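Numbering (the numbering used here), first residue to last: 1409 to 1553.
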């Protein structure tokens, strides 16, 4: 795979993550899950590890910031926090959740994965961990789309 300018790669990563949100309710355009994951796989295979990890982080921020944006309402209206604080907390949660896709990319890079089956196994493992560690956050798991 020939990789393009790293900033274009970052942009593609973020947009690919954002597109993944539309695979879930209330939109339910499930084929977009494939588009999103293909974007993630593309950036995860970048030969430069730092670019691959940062791109994965941006993919995850696009995915989780928009996918859990409903938490802003809960934190702001029902929790009594200011709007700025609620956005900050959602961003912080998204950054934490981004660690799991970054673990996926790290493992793909570390073991030089080429098999689609192994990609799926690693992805499933990281989604399982995200839903289990620290009581988990099993929200926005592609297995449910």
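Note that CB positions come from ideal geometry on N, CA and C, so glycine has one too.
Keep in mind the model is a prediction, meaning the values are calculated, not measured.
For residue 1515, the enclosing alpha helix (DSSP H) begins and ends at 1507–1518.
Here DSSP, grouped into helix, strand and coil, assigns residue 1418 to helix. The stretch 1438–1454 makes contact with the stretch 1419–1429, as at least three CB pairs between them are under 8 Å. Per DSSP, the continuous alpha helix (DSSP H) segment holding residue 1442 begins and ends at 1439–1452.
In the three-state scheme derived from DSSP, where H, G and I count as helix and E and B as strand, residue 1476 is classed as coil. When secondary structure is reduced to three states using DSSP, residue 1485 falls in the helix class. Residue 1462 is classed as buried because its beta carbon has at least 16 other beta carbons within 10 Å across all chains shown. Under the criterion of beta carbons closer than 8 Å, residue 1534 and residue 1512 qualify as touching, at roughly 5 Å. In the structure shown, residue 1521 adopts coil according to DSSP, grouped into three states.
In this structure the stretch 1504–1522 lies against the stretch 1458–1477, because at least three pairs of beta carbons, one per stretch, are closer than 8 Å. Counting C-beta atoms within 10 angstroms of its own C-beta, residue 1531 has 16 or more neighbours from the protein chains shown and is therefore classed as buried. Within 10 angstroms of the beta-carbon of residue 1440 lie 16 or more other beta-carbons, which makes it buried.
Look at residue 1496 here: in three-state DSSP terms it is helix. When the beta-carbon positions are compared, residue 1475 and residue 1429 come within less than 8 Å of each other.
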